[in-house]
Each structure stands twice: as C-alpha cells, then as structure tokens.
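Residue numbers (my numbering), protein chains in the order written: chain Z, 54 to 167; chain P, 16 to 126. C-beta atoms are modelled at their ideal positions from N, C-alpha and C, and glycine is treated no differently.
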Amino acid sequence: DAGVIQSPRHEVTEMGQEVTLRCKPISGHDYLFWYRQTMMRGLELLIYFNNNVPIDDSGMPEDRFSAKMPNASFSTLKIQPSEPRDSAVYFCASTDRGAGDTQYFGPGTRLTVL
Amino acid sequence: QKEVEQNSGPLSVPEGAIASLNCTYSDRVSQSFFWYRQYSGKSPELIMSIYSNGDKEDGRFTAQLNKASQYVSLLIRDSQPSDSATYLCAGNGGATNKLIFGTGTLLAVQP
Numbered sequence: 054d055a056g057v058i059q060s061p062r063h064e065v066t067e068m069g070q071e072v073t074l075r076c077k078p079i080s081g082h083d084y085l086f087w088y089r090q091t092m093m094r095g096l097e098l099l100i101y102f103n104n105n106v107p108i109d110d111s112g113m114p115e116d117r118f119s120a121k122m123p124n125a126s127f128s129t130l131k132i133q134p135s136e137p138r139d140s141a142v143y144f145c146a147s148t149d150r151g152a153g154d155t156q157y158f159g160p161g162t163r164l165t166v167l
Numbered sequence: 016q017k018e019v020e021q022n023s024g025p026l027s028v029p030e031g032a033i034a035s036l037n038c039t040y041s042d043r044v045s046q047s048f049f050w051y052r053q054y055s056g057k058s059p060e061l062i063m064s065i066y067s068n069g070d071k072e073d074g075r076f077t078a079q080l081n082k083a084s085q086y087v088s089l090l091i092r093d094s095q096p097s098d099s100a101t102y103l104c105a106g107n108g109g110a111t112n113k114l115i116f117g118t119g120t121l122l123a124v125q126p
C-alpha cells in the first residue's frame, strides 16, 4: 500500500484566504485522524472519523476549521478564513481498529499563513 | 496534570550508550501505550506499542510499562547517531481510538 497520502505538502497563503488540506487514508482503515503540530503545543488531535462519521471534534480550535469525510478514501480539512496563528504542520493518520491501535501518519502538510 | 507528560530534553547520550526515555500519564490514559519516533521535518512513525505491565523487547528497543506508578519508558541500547530524533509517547483511553500524545523528548546521540 502507498500509505497515507496528503496534499499539498506545502501551502503558503495570505491571511483571510481559504485553505483546504486533503488526505487519502490507507485502504481498509476505518479510522481517520487530523492532527496539528507546532513547536509550542506539540501534536494535537483536531478531529477523528470512524467509518466516515465524525466522532470527536473537540480539538477543532474554532468555527473557522471544518472537516469532512465524504467517503472511505478521502477527507478534507478546511480553514476559512485562515490566520497567521494557523501556521503549523497538519498530519492525517489512519488505523484499522480491528488490527490494533497503531496509527499510520501521512507526510504532513506544512501550512504557512502570511 | 497533563494527560501524557514527557521531559522535552534534549537528552544527550554518547554513541553506544543506553538512552532512557520516560513518560508519565494520568488516569484518563490507561490502556495502550505507544512510542513514536519523529525525525526533523518528517512524520511520526511507530517504534513500539505496549499494552500490559512489564517489558517488551524489539531489537535494540525495550518498552517498559508500570501501571501502578503510571509511567512508561523506552530504552534504546547501543544508541546510534541515526537514533537522534524526537520520541513521542502516546496513550489511549481505551473506549475510543483516540491517542493522546506527549510533547516529545529530543534525543541526541553524540558520535
């Protein structure tokens, strides 16, 4: 399998613009997670899905953030409008609960909001 | 108390020595534990998982779990410069598949 795929790998945008991050989980995995990592706060869970249904979005910082998973092979994380403090690396991870709790991470998207 | 706590380091050890990384956790994180390694600019990758009290060995790596004292550790024997990375400890509350990560310990192995 190709592993978790994320796009874009790098995104530079200006404050106020809409940003959409994309993730393709490992085929057959039933859980998908979105994380944000910064030097100050470390790795934070934003939201996770089970079988395409959002289970816990308590980590989403505010209404500017939204996430969808229209099918088992695709998820998006959208920030609208973006702010400089959203600058971070955003990781997507997936797992097959039936095979254990190991989460497999994608390469991440480095977001810079100017 | 944070749910998962780690010393941020850096932890500096000479090549060939044993590196000992430690993590403590709260009652909310009590079932499964994971050690991830993250190289600079890369994504976390799983090193070890441990579910029950005691030691679990895999090559140069040994994970230790003590549920009574609420700590989990990772020992790296014969440390190599290529082991230099940030090591993230994570725990699972069990009812969900949600992992709680510590802030990571930076390990530097000196040649």
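- Out of Z:Ser111, Z:Pro78, Z:Pro137 and Z:Asp149, the CA that lies nearest to the CA of asparagine 124 (chain Z) is found in Z:Pro78.
- A contact is defined here as three or more CB-CB pairs under 8 Å, and the region 65-74 of chain Z meets this definition with respect to the region 131-142 of chain Z.
- Within the region 68-145 of chain Z, the runs of beta strand (DSSP E) that reach at least 3 residues and sit entirely inside it are, in chain order, 72-77, 84-91, 95-103, 106-109, 118-124 and 127-132.
- When the five nearest sequence neighbours on each side are left out, the beta carbons in the same chain lying within less than 7 Å of the beta carbon of asparagine 81 (chain P) are those of Asn68, in order along the chain.
- At least 8 Å separates the beta-carbon of tyrosine 102 (chain P) from that of threonine 118 (chain P).
- DSSP, reduced to helix, strand and coil, places glycine 106 (chain P) within a strand of the structure shown.
- Flagged as an interface residue toward chain P: threonine 155 (chain Z), by a C-beta distance shorter than 8 Å.
- Between the region 52-68 of chain P and the region 153-163 of chain Z there are three or more C-beta pairs closer than 8 Å, enough to call the two in contact.
- Around the C-beta of arginine 138 (chain Z), fewer than 16 other C-beta atoms lie within 10 Å, and the residue is accordingly described as exposed.
- For glutamine 59 (chain Z), the enclosing beta strand (DSSP E) has its first and last residue at 58-60.
- A straight line joining the alpha-carbon of glycine 56 (chain Z) with that of tryptophan 50 (chain P) spans about 19 Å.
- Only those residues of the region 88-104 of chain Z whose C-beta falls short of 7 Å from the nearest C-beta of chain P are listed: Gly95, Leu96, Leu98 and Tyr101.
- Under the three-pair Cβ rule at 8 Å, the region 23-43 of chain P counts as touching the region 83-98 of chain P.
- Leucine 85 (chain Z) is not a Cβ neighbour of phenylalanine 116 (chain P), given a cutoff of 8 Å.
- Excluding the 5 residues flanking it on each side, glycine 81 (chain Z) has same chain C-beta neighbours closer than 7 Å at Asp149, in chain order.
- A Cβ-Cβ contact shorter than 8 Å links phenylalanine 158 (chain Z) with alanine 146 (chain Z).
- Each residue's CA atom was taken as its position, placing asparagine 112 (chain P) and isoleucine 100 (chain Z) some 12 Å apart.
- Annotated three-state conformation of arginine 150 (chain Z) is helix, per DSSP.
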